[in-house]
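To start, the structure under review is shown below, and the notes come after it.
Number of protein chains: 2
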Amino acid sequence: MNIENYIDQIVKNAKTASRSIASANTVTKNAALMYIADDILNAASSLKAENEKDIATAQKTGLSEAVIDRLRLTDSRIKGMAEGVRQIASLPDPIGELLQGYTRPNGLHIQKIRVPIGVIVIIYESRPNVTADAAALCLKAGNAVILRGGKESINSNIAIYKLLTTALEKAGLDASCIQLVEVIEREAIDYLLKADQYVDVVIPRGGEALIRTVVEKSTIPVIKHYKGVCHIYVDEFANLRMAKEICFNAKTQRPGTCNAMETMIIHEKIAPTFLPAVAKEFQDAKVELRGCNKTYNILPTIKKATDDDYHNEYLDLILNIRIVDIMDEAIAHIAKYGSNHSDAIITDNINNALRFTKEVDSAAVYVNASTRFTDGYEFGMGAEIGISTDKLHARGPMGLEELTSYKFVVFGNGQLRK
Amino acid sequence: MNIENYIDQIVKNAKTASRSIASANTVTKNAALMYIADDILNAASSLKAENEKDIATAQKTGLSEAVIDRLRLTDSRIKGMAEGVRQIASLPDPIGELLQGYTRPNGLHIQKIRVPIGVIVIIYESRPNVTADAAALCLKAGNAVILRGGKESINSNIAIYKLLTTALEKAGLDASCIQLVEVIEREAIDYLLKADQYVDVVIPRGGEALIRTVVEKSTIPVIKHYKGVCHIYVDEFANLRMAKEICFNAKTQRPGTCNAMETMIIHEKIAPTFLPAVAKEFQDAKVELRGCNKTYNILPTIKKATDDDYHNEYLDLILNIRIVDIMDEAIAHIAKYGSNHSDAIITDNINNALRFTKEVDSAAVYVNASTRFTDGYEFGMGAEIGISTDKLHARGPMGLEELTSYKFVVFGNGQLRK
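Chains as they are written, first to last, in the working numbering: chain F, 115 to 532; chain G, 115 to 532.
Structure follows, in structure tokens:
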């Protein structure tokens, strides 16, 4: 097969399908989603059989246990996948929403109406459940989607993808509304990223290197989901009991997530009292601590943090600690090392709280709460395609509304421009 | 001067300045804008003197009269430039607007707040007035801006730019909030387009070739202002008198604008009555007509339209005419040849009107009005940076709000993720 022609056919099919799905009504889209959910549950054993092939290859090629775990489809994950799709069906349909409507002095009536984006490419790592999640979200928002999953999950993805297209056909929708790139060659991505005549946006999920490559190669707009290097600044006016609980939660509740804390910044006035107690709790929970020189003076047994450490998204039980003289230093540290994802201040002082929320330039800025809440469900949006670290179009959790655009519809009765 | 270092310094200055301008209050920003307006008026004669140098070079290098006209700063254009900046000062400040605010079941209070984008690069053609307009819009929306104008207008731009930075300083703002790239080498753009660590968005204005180059080279998100290939479809149920007036207005009122009509599509049922009358009116106004075969049968003296003609943004007194059997053909023509800018239907039939507004995928879709209204002022937004033909972030006229992003500010009292 010629990969260039293959991708060319996929993007053209997607463009055509995007026109019909854009005007599909909610009942039809929800029917397709419910078929998807049912079919996933019914096909559990065959999905697991296909998944076994991927697992076997992964074990043969010596992939890490963490990767293999993400790859694995268990009964509970299959149930979760179906449940996720059902929840997306239950969310309100964003399409057709009137965002603004007003009449101009000359009588022109202008409506700003929410419409689908069109054709979306999603590039993701080897988590087969994303195949169903991402497809369902794009479908509900009236978009055609082209999925490109990690090659390690190719058999699982193809098995899920077959269910998706069957469900679309049962609901009377164009099967090309959801397409999977079934060739695993990297070349396929290169062709996809140049198809700017047909594709409206690319959303890459995965490691920094992948996202950087996509940004460099793509002539299509990219919404980036970069890493989360999240900070909590414990202010001199913090409630120290609350600070300890929040920092512990933000680091340990699920360290492998992008909204987990990677660096704790402490005001030097409270460091001598706060640090030893919180450090003990972290160490009891097997969290490795790495500190600045001032931290090291209080905790002489820990490692020193390097510049690279402060830039690092550990996604693991490792924590940097830095002590600062004043809040400005904390804000400057976050500006330098952070990834504009989620950052928090713990304080009882309203001036510091408000200054922090204004000056820290992150998608989510918290006062007296754990950074772990940056998430579509926790923000009340429902399922999300990811957390955007970009400032254009979508910032923070990207749910259904962030998968839409708008158009102006203008009604007149003969108006001419003078 | 080493251009790479020069650009590196500019983007770093912009990033630093973006932090201070983001939290500048409205009074300060408006004061700077009013200084700019006053200073432009006061400096009229020196601006004209600098502009004369550009005009002289342009004449020597044999640039077209149209280009030289765009380049020229007259007293009335200088007055218009000052007036434009004053109007931007009078617009409401978009920054700090609470877009959403709600409390989650766990007590977390979430605010979605409008914030500046950060650092904006504007690349534009040789129209010196854009230097003041674009700078004023970005400033009011709390952004730092880097301007790169056409090299033909470099002396005019530098003269205007000096006024801008003086005004910023008088208002107590960082002069680096507005920077002009003063070197005319193309290389400077290449370095700018790779500065994704410092710049948040690039907005290119100008020809298709320039925009295409920017898209291909940039690792920074680009908001495109492509051409406007605008259509009016005169339906079989059109009020023909209204149709004639609107089509005439959309083609001739200002043919050099992106929202002028380039192709008129006519339902064949009304073509024999409508076409001769409207054609005469166009020909009397020196509009050259180019038609499809069916048009040619009715108007045998006109040129035939080629496929290239249908793709073309003439910006001139030339009009394509196409006759269609059914509305579907009109919609398909617009999908194939249009640029998703502005398209209109003239009809008294509500079903056709609604179907057209749903299925035509353009930034602005009109019923019974001229396409010439796609414009920030006409839509009630005030001044605009341009008309986006993209579907992400901003679509259609880009005013102050479209030069902003948002952040989530979350207030808690000790919430932990479970």
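Here a beta-carbon is modelled for each residue, glycine too, at the ideal position from N, C-alpha and C.
Taking buried to mean at least 16 other C-beta atoms within 10 Å of its own C-beta, is residue i buried or exposed?
i                      : result
residue 141 of chain F : exposed
residue 505 of chain G : buried
residue 212 of chain F : exposed
residue 509 of chain G : buried
residue 242 of chain F : buried
residue 184 of chain G : buried
residue 174 of chain F : exposed
residue 532 of chain F : exposed
residue 450 of chain F : exposed
residue 519 of chain F : buried
residue 311 of chain G : exposed
residue 421 of chain F : exposed
residue 460 of chain G : buried
Give the single residue among the options whose Cα lies nearest to the Cα of residue i.
i                      : options                    : result
residue 537 of chain F : F/306, F/342, F/310, F/304 : A question about residue 537 of chain F goes unanswered here, because the residues of chain F that appear run from 115 up to 532.
residue 468 of chain F : G/179, G/120, G/227        : G/227
residue 374 of chain F : F/203, F/501, F/303        : F/501
residue 261 of chain F : F/280, F/291, F/205        : F/291
residue 399 of chain G : G/119, G/137, G/430        : G/430
residue 381 of chain F : F/451, F/392, F/350, F/368 : F/350
residue 154 of chain G : G/523, G/189, G/496        : G/189
residue 205 of chain F : F/521, F/526, F/496        : F/496
residue 410 of chain G : G/395, G/194, G/427, G/386 : G/386
residue 533 of chain F : F/310, F/445, F/303        : No statement about residue 533 of chain F is possible, as the shown extent of chain F runs from 115 to 532 and does not include it.
residue 210 of chain G : G/137, G/162, G/528        : G/137
residue 118 of chain G : G/427, G/295, G/144, G/423 : G/295
residue 279 of chain G : G/459, G/462, G/145, G/464 : G/145
residue 412 of chain F : F/256, F/435, F/461        : F/435
Spatial neighbours of residue i within its chain, please: C-beta separation below 6 Å, excluding the five flanking residues on both sides.
i                      : result
residue 416 of chain G : 403, 405
residue 215 of chain F : 225
residue 366 of chain G : 399
residue 484 of chain F : 360, 363, 364
residue 232 of chain G : 132, 314
residue 269 of chain F : 164, 167, 168
Looking at residue j and residue i, is the spacing between their C-beta atoms short of 8 Å?
i                      : j                      : result
residue 235 of chain F : residue 313 of chain F : yes
residue 248 of chain F : residue 199 of chain F : no
residue 401 of chain F : residue 433 of chain F : yes
residue 221 of chain F : residue 245 of chain F : no
residue 377 of chain G : residue 339 of chain G : no
residue 121 of chain F : residue 309 of chain F : yes
residue 514 of chain G : residue 254 of chain G : yes
residue 237 of chain G : residue 316 of chain G : yes
Give every residue of the same chain whose Cβ lies closer than 7 Å to the Cβ of residue i, excluding the five residues on either side of it in the sequence, and list them in chain order.
i                      : result
residue 252 of chain F : 234, 259, 517
residue 476 of chain F : 452, 454, 455, 456, 457
residue 331 of chain F : 304, 307
residue 478 of chain G : 456, 488, 510
If we ignore side chains and look at the alpha-carbon of each, how far apart do residue i and residue j end up?
i                      : j                      : result
residue 361 of chain F : residue 240 of chain G : 54 Å
residue 356 of chain F : residue 384 of chain F : 14 Å
residue 223 of chain F : residue 217 of chain F : 4 Å
residue 192 of chain F : residue 123 of chain F : 31 Å
residue 203 of chain F : residue 524 of chain G : 28 Å
residue 196 of chain F : residue 371 of chain F : 22 Å
residue 150 of chain G : residue 125 of chain F : 49 Å
residue 275 of chain G : residue 293 of chain G : 8 Å
residue 437 of chain F : residue 388 of chain F : 11 Å
residue 447 of chain F : residue 503 of chain F : 18 Å
residue 393 of chain F : residue 418 of chain F : 14 Å
residue 348 of chain G : residue 336 of chain G : 35 Å
residue 152 of chain G : residue 301 of chain G : 35 Å
residue 159 of chain G : residue 277 of chain G : 13 Å
residue 466 of chain F : residue 472 of chain F : 10 Å
residue 527 of chain G : residue 352 of chain F : 11 Å
residue 157 of chain F : residue 464 of chain F : 55 Å
residue 512 of chain F : residue 522 of chain G : 12 Å
residue 257 of chain F : residue 230 of chain F : 6 Å
I'd like the list of long-range same chain contacts for residue i, defined as Cβ closer than 8 Å, with 5 residues on each side in sequence excluded.
i                      : result
residue 186 of chain F : 165, 169
residue 134 of chain G : 287, 288, 291
residue 368 of chain G : 374, 486
residue 529 of chain F : 220, 221, 222
Could you tell me if the beta carbon of residue i falls within a distance shorter than 7 Å of some heavy atom in the ligand MN?
i                      : result
residue 338 of chain G : Although the ligand MN was asked about, the structure shown includes no ligands whatsoever.
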